[in-house]
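**Student:** Input: one structure, supplied below.
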Amino acid sequence: MDIFTAMKERRSCRDFLPEPVGMDKIEKILEAASWAPSPLNLQPWEFIVVTSDGVKKKLFLEAKRCIKWAFDRSGWDWLEKYKADFLQSAPVVIAVVGDPRKSGVDIFLEEGGIGYQHGCAAAIQNMNLAAYGLGLSSLWFTFFEKEPVREILGIARNKTPIALICIGKSTGGIPQVPRNDVMKKTTFIT
Ligand SMILES: Cc1cc2nc3c(=O)[nH]c(=O)nc-3n(C[C@H](O)[C@H](O)[C@H](O)COP(=O)(O)O)c2cc1C
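So the sequence shown is numbered by the numbering used here: it starts at 89 and just counts up by one.
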């Protein structure tokens, strides 16, 4: 598949079929992640592949708790309808875990190092595109608190759960979410 087609046609999926994802595809998605760029090639990522219904349910309940917390705080109506069921229905959820020590030289900046987050984000987008290229759909999910997710997945305190990537087959076509005109967001300095 042409890379520009993949980038344009990939959609965030929130409704998955129960059909399992083969290990061959999971391995290809992980391999795609590993080819992402990262600061000093430190490869700040680790992956936890979850197919256990029990563990997916715990992740779902944590997301629901966060949604309720955000609703109580903000009063934003749309949050009441905000879904997180895909954490249970997706056949595979891959947790991307970052190592803050693998941030490259930006660890010396006053704001602290965030290079590891950039590296993990690059890996995640590779995963999204690889999944799409393999006929699957995915969702980049971040609406959770780090500590409970560390506990659920057995992640050490010095590592950071960056995102949960839900992967599987979509139940149907997903409408395109429009983008702003990139030229209106671009400045050329010549
Ligand atoms: C860093 C990041 C965090 C996101 N977190 C969530 C999330 O918590 N829940 C969710 O449903 N979608 C989440 N998304 C998906 C976005 O909502 C989605 O990419 C955006 O609406 C554009 O839609 P598209 O991916 O179908 O083009 C996230 C995307 C990114 C890049």
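For each residue, glycine too, the CB sits at the ideal point set by N, CA and C.
Source: prediction; values computed, not measured.
#1: Can you determine whether any heavy atom of ligand 1 sits closer than 7 Å to the C-beta of F229, and answer yes or no?
#2: State the start and end residues of the unbroken alpha helix (DSSP H) segment that holds E235.
#3: Start and end of the beta strand (DSSP E) containing C101?
#4: Can you tell me where the alpha helix (DSSP H) with L175 in it begins and where it stops?
#5: For a test of the three-state rule: what should DSSP assign to E134, helix, strand or coil?
#6: Decide if the segment 240–255 is in contact with the segment 175–193; the criterion is three or more beta carbon pairs, one per stretch, under 8 Å apart.
#7: Measure the alpha-carbon distance for T248 versus I255 and round it to whole angstroms.
#8: Mapping the DSSP letters down to three states, classify L227 as helix, strand or coil.
#9: Give the C-beta separation of F231 and A151 to the nearest angstrom, bearing in mind that I take them to be a contact with Cβ-Cβ under 8 Å.
#10: With respect to the beta strand (DSSP E) encompassing G256, which residues constitute its N-terminal and C-terminal limits?
#11: By DSSP's criteria, G261 is part of a beta bridge. Which residues make up the other side?
#12: In the DSSP output, what is I182 paired with across the bridge?
#13: For ligand 1, I want to know if S100 counts as a neighbour, meaning its beta carbon is within less than 7 Å of at least one of the ligand's heavy atoms.
#14: Going by beta carbon distance, what residues of the same chain come within less than 7 Å of V143, once the five residues before and after it are set aside?
#15: Buried or exposed for N214, please, with buried defined as at least 16 other CB atoms from any protein chain shown within 10 angstroms of its CB.
#16: For V265, verify whether its CB is less than 7 Å away from any heavy atom of ligand 1.
#17: Work out the CA separation of P125 and I195 for me, nearest whole Å.
#18: Is the segment 153–163 touching the segment 90–99, taking contact as three or more C-beta pairs under 8 Å?
**Tutor:** Considering the structure as presented:
#1: For the purposes of this step, residue 229 is taken as residue 141 along the sequence shown, with counting starting at 1. Yes, the Cβ of F229 comes within 7 Å of a heavy atom of ligand 1.
#2: Within the sequence shown, residue 235 is the residue found at index 147, counting from 1. E235 -> alpha helix (DSSP H) spans 234–241.
#3: In the sequence shown, counting from the first residue as 1, residue 101 sits at position 13. Unbroken run through C101: none, as it is neither H nor E.
#4: Numbered from 1 along the sequence shown, position 87 holds the residue referred to as residue 175. Element bounds for L175: 174–177.
#5: To locate residue 134, count along the sequence shown from 1; it is residue 46. The answer is strand: DSSP assigns E134 an E or B state.
#6: yes
#7: Working through the sequence shown from its first residue, we reach residue 248 at position 160. Working through the sequence shown from its first residue, we reach residue 255 at position 167. Approximately 21 Å between the Cα atoms of the pair.
#8: The sequence position of residue 227 within the sequence shown is 139, counting from 1. Strand.
#9: Mapped onto the sequence shown, residue 231 falls at position 143. Mapped onto the sequence shown, residue 151 falls at position 63. Between A151 and F231 the Cβ distance is about 6 Å, and since that is below 8 Å, they are a contact.
#10: Position 168 of the sequence shown holds residue 256. Segment 248–256, the beta strand (DSSP E) holding G256.
#11: Within the sequence shown, the letter at position 173 stands for residue 261. Partner(s): none; G261 has no beta bridge.
#12: Taking the sequence shown and counting its residues from 1, one reaches residue 182 at position 94. Looking at the DSSP assignment, I182 forms a beta bridge with V137, I253.
#13: Counting from 1 along the sequence shown, the entry for residue 100 is found at position 12. Answer for S100: yes, Cβ within range of ligand 1.
#14: The residue you call residue 143 lines up with position 55 of the sequence shown. Contacts found: I240.
#15: Along the sequence shown, read from residue 1 onward, the residue named residue 214 stands at position 126. So N214 counts as buried.
#16: In the sequence shown, residue 265 corresponds to position 177, counting from 1. Yes, the beta carbon of V265 sits closer than 7 Å to at least one heavy atom of ligand 1.
#17: Within the sequence shown, numbered from 1, the residue matching residue 195 stands at position 107. Within the sequence shown, numbered from 1, the residue matching residue 125 stands at position 37. In a straight line, the C-alpha of I195 is about 17 Å away from that of P125.
#18: no
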